[in-house]
């Protein structure tokens with residue numbers, strides 16, 4: 007699967023993004039920035055860090071993805087859900103890239119080594135909307151080192 | 003009684019009293035007089051002294067003017083008593099000045115009266131107790147160095163008595179009050195007798211000279227006289243107590259209350275006149291210790307009533323009796339404020355001007371919160387003014403006169419309103435007469451209020467002048483808050499109960515233990531649209547262990563693991579819940595929090611309070627319900643309850659698979675054999691995802 011989003015696309019997230027924790031794309035400088043960093047909650051800082059990585063890796067911010075579009079996303083797994091054995095085998099995780107989140111669903115698997123909460127991954131697949139949330143089924147994924155490594 | 007604090011309270015305050023015991027005990031006149039009059043009568047103990055103290059600024063020469071000042075105070079007293087007799091007839095419900103002013107002059111003036119009265123009730127406590135302790139110290143001079151401490155202790159004692167609910171016990175009031183009246187009467191008669199038989203009364207301060215603070219003549223003399231007069235007006239406080247207490251009288255209530263008021267006026271004026279006369283005859287020279295020439299260094303001058311008593315009785319037992327009774331009645335006077343303030347506060351709370359808590363009765367049917375509030379402020383005043391009656395009196399009576407003026411003006415309005423509706427000639431004449439009396443009362447009290455404000459403003463009355471509007475504003479904003487809340491809570495038009503279309507249940511899990519299982523079982527019993535368990539990944543190994551257990555016991559609930567890069571619990575969960583509920587405005591998310599309940603507070607220290615914090619945060623999320631599922635540990639008295647609670651949770655699933663319980667039970671603590679935690683995981687309903 008090839009990635010349609012070109013690396014030259016504007017890597018900064020657009021304004022009006024749905025996640026209240028992520029900062030709009032304005033960059034502040036100097037003391038103001040320092041002050042913001044001191045007063046911001048850790049999630050906001052985390053979001054900023056993730057957004058910087060989107061740019062570096064040439065991925066698409068989730069907030070800018072349109073439905074039924076093939077996208078390459080990069081972010082951290084916020085949650086991982088294990089289903090009971092009785093039901094349909096699937097593994098669901100929520101990927102967050104600082105601009106929004108998307109449910110990633112692997113059908114037929116109950117567990118995938120390495121897919122754990124907090125993990126950084128790159129995922130490529132067709133994005134859709136499921137019950138009001140963005141979702142990708144069975145993406146190609148790649149485990150990444152965490153940004154601090 | 004489970005806790006030490008509860009035990010302490012039980013010992014101090016007593017066994018709770020049932021609500022039915024509230025029934026108003028009605029009082030005959032002979033008991034009502036001491037109950038309501040101790041405040042007004044006790045002023046005799048310091049009113050004369052305050053007049054003398056002010057006049058002493060002009061040196062001994064001015065003391066003969068005391069007569070005129072005292073005479074004016076006496077006349078004023080009679081006028082106020084006469085005016086209040088009209089109030090008692092017109093408003094027998096016990097609302098007092100607040101009710102009169104609110105009904106006739108509107109709620110704003112009513113509030114003014116209320117704030118004035120509250121300030122004055124507080125000052126009544128402070129002044130009376132300080133003065134009582136000062137009198138005690140006059141009998142036992144060694145107490146002089148501990149006045150503040152003793153005063154605070156006395157206030158604490160009165161508070162405790164009131165919390166126990168002795169407010170209506172008539173005998174406790176009747177005996178000391180009548181004893182006081184009798185003692186003062188004996189003193190006056192004995193003193194007059196001595197004078198009549200040619201003996202001389204010589205007060206111990208008769209030979210002291212007073213350093214005149216300046217020479218007074220013309221206008222400044224008039225000002226000084228007015229100031230002495232306004233200090234003497236302290237004798238009037240407490241007159242309004244009867245008008246607040248009309249419901250407590252035996253029927254015919256109004257008539258009895260009016261008679262008692264008249265009695266009060268006569269007794270108070272004659273006692274005041276007698277003490278003042280004896281003080282003048284004995285040449286009592288009262289002034290600040292620093293201004294008295296001839297006072298042995300380091301001594302505190304005795305109170306005026308003590309000096310009078312000493313000059314009449316010498317050092318005999320009767321002197322000590324009088325001092326003791328004086329101190330006692332002053333304490334009782336403070337106690338009348340403890341009757342008035344909590345009732346006023348509860349009426350205000352009922353009307354939404356004070357916090358609701360002031361309207362609830364405590365264990366002993368007393369308005370405990372009001373009592374505590376009053377005693378707190380009174381102690382503050384006593385400490386701030388070093389228990390000096392003279393300094394406290396500068397703040398006093400502004401409030402009383404504000405409420406006098408408002409209520410008398412209100413009464414004029416009252417008669418004006420009723421007169422056009424009345425045709426009966428006899429009643430009309432009586433109303434006209436009442437109106438005249440109230441008009442005179444209003445005129446007098448308004449004049450006095452102006453005098454009091456003008457003469458005392460710089461001496462400390464400004465504190466009251468500042469405090470009253472502040473209290474007024476505070477009460478207004480409390481009312482505004484209550485109204486705003488009520489308006490927001492009122493359903494619009496047609497009342498409909500709208501059930502949420504979806505209920506997403508989230509059970510918070512940290513370990514797979516009994517409380518968790520109970521919470522899972524309970525969550526299932528609520529039949530949510532979707533059910534999932536959620537855990538926060540704080541520790542990699544623990545999360546893995548939980549996951550393994552989940553798999554091993556094959557729990558039929560999906561388990562979501564939330565990443566927490568900053569090792570927090572609260573925020574990740576809140577963020578997760580926010581994401582869940584963002585789908586549909588009519589959805590609801592229920593967060594089930596299993597909690598084990600500990601029996602002792604020290605045990606709580608060993609467990610972190612993350613559940614509490616989380617609950618606090620989730621409360622602010624819209625469309626999120628927090629369900630706390632308690633699990634009582636044996637230290638919390640779970641032995642007795644265990645079987646029943648478990649029986650209650652069992653119906654959650656009747657179809658328990660045979661395999662699951664065995665494995666779960668092997669993990670359960672062996673000491674809780676009664677608990678069968680498995681129902682939670684046993685139900686085959688699973689999640690409907």
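Residue numbers (our numbering), protein chains in the order written: chain U, 7 to 155; chain C, 3 to 691. Just so it is clear, CB atoms sit at the ideal spot from N, CA and C, and this is done for glycine as well.
Check                                                                                                                                                                       : Outcome
By the 10 Å Cβ neighbour count, where 16 or more other Cβ atoms means buried, how is residue 602 (chain C) classified, buried or exposed?                                   : exposed
Since residue 622 (chain C) meets chain U, which of its residues come closer than 8 Å, beta carbon to beta carbon?                                                          : Going along chain U, no residue has its Cβ under 8 Å from residue 622 (chain C), so there is no contact; the nearest lies around 14 Å.
Which two residues bound the contiguous beta strand (DSSP E) that contains residue 634 (chain C)?                                                                           : 626-634
So, does the CB of residue 108 (chain U) fall closer than 8 Å to a CB anywhere in chain C?                                                                                  : no
If we count Cβ pairs, one from each stretch, closer than 8 Å, do we get three or more for the stretch 559-566 of chain C versus the stretch 535-550 of chain C?             : yes
Which residue wins for smallest C-alpha separation from residue 149 (chain U), given the options U:134, U:69, U:61, U:125?                                                  : U:125
Counting only beta-carbon atoms, is residue 92 (chain U) nearer than 8 Å to chain C?                                                                                        : yes
So, at 8 Å on beta carbons, what are the nonlocal neighbours of residue 228 (chain C) in its own chain, with the 5 sequence-adjacent residues on each side left out?        : 453, 456, 457
In this structure, does DSSP put residue 76 (chain U) in helix, strand or coil?                                                                                             : strand
Consider the Cβ of residue 549 (chain C): report whether some Cβ of chain U lies at a distance smaller than 8 Å.                                                            : yes
For a test of the three-state rule: what should DSSP assign to residue 399 (chain C), helix, strand or coil?                                                                : coil
Alpha carbons only, please: which of C:380, C:36, C:79 is nearest the one belonging to residue 121 (chain C)?                                                               : C:380
Do the stretch 147-154 of chain C and the stretch 377-397 of chain C touch if we need at least three Cβ pairs shorter than 8 Å?                                             : yes
I want to verify the contact list: residues of chain C whose CB lies under 7 Å from the CB of residue 4 (chain U), in sequence order.                                       : No answer is possible for residue 4 (chain U): the residues shown for chain U start at 7 and end at 155.
Any beta carbon from chain U within less than 8 Å of residue 590 (chain C)'s own beta carbon?                                                                               : no
Identify every residue that forms a DSSP beta bridge with residue 507 (chain C).                                                                                            : C:533, C:592
When we look at the beta-carbon of residue 89 (chain C) and count the other beta-carbons within 10 Å, is it buried (16 or more) or exposed?                                 : buried
Can you pull the chain U residues whose beta carbon is under 9 Å from the beta carbon of residue 573 (chain C), in chain order?                                             : 47, 48, 49
If you pair each beta-carbon of the stretch 96-113 of chain U with each one of the stretch 126-137 of chain U, do three or more pairs fall below 8 Å?                       : yes
So is residue 140 (chain U) buried or exposed if we call it buried at 16+ other beta carbons inside 10 Å?                                                                   : buried
Taking just the CA atoms, how far does residue 494 (chain C) sit from residue 593 (chain C)?                                                                                : 29 Å
Once DSSP output is grouped into helix, strand and coil, what is the label at residue 539 (chain C)?                                                                        : strand
At which residue ranges does the stretch 250-336 of chain C contain complete alpha helix (DSSP H) runs of 4 or more residues, listed in the order of the chain?             : 255-283, 306-315
Considering only their Cβ atoms, is the gap separating residue 370 (chain C) from residue 361 (chain C) smaller than 8 Å?                                                   : no
Whole angstroms are fine: how far does the CA of residue 638 (chain C) sit from the CA of residue 3 (chain C)?                                                              : Because residue 3 (chain C) sits at a pLDDT of 44, beneath the cut-off of 50, its placement in the model cannot be relied upon, and the point is left open.
Mind checking residue 9 (chain C): buried by the 16 CB within 10 Å criterion, or exposed?                                                                                   : exposed
Could you check if residue 114 (chain U) is buried or exposed, using at least 16 other CB atoms within 10 Å of its CB as the buried criterion?                              : exposed
Helix, strand or coil: how does DSSP classify residue 98 (chain U) here?                                                                                                    : strand
Check the Cβ-Cβ distances between residue 77 (chain U) and every residue of chain C, and say whether any is below 8 Å.                                                      : no
Which residue from C:308, C:354, C:567 puts its Cα closest to that of residue 141 (chain C)?                                                                                : C:308
Between residue 101 (chain C) and the rest of its own chain, which residues show a CB-CB distance below 7 Å, the 5 nearest in sequence each way excluded?                   : 93, 95
Using a Cβ-Cβ cutoff of less than 7 Å, which residues in the same chain neighbour residue 505 (chain C) once the five nearest sequence positions on both sides are dropped? : 530, 531, 590, 592
Is there a Cβ from chain U that is less than 8 Å from the Cβ of residue 616 (chain C)?                                                                                      : no
Check residue 55 (chain C) in the structure and name its three-state DSSP category.                                                                                         : helix
Let's see if you can read the secondary structure: which residues bound the alpha helix (DSSP H) around residue 374 (chain C)?                                              : 370-386
Thinking C-beta only, is residue 45 (chain C) closer than 8 Å to residue 394 (chain C)?                                                                                     : no
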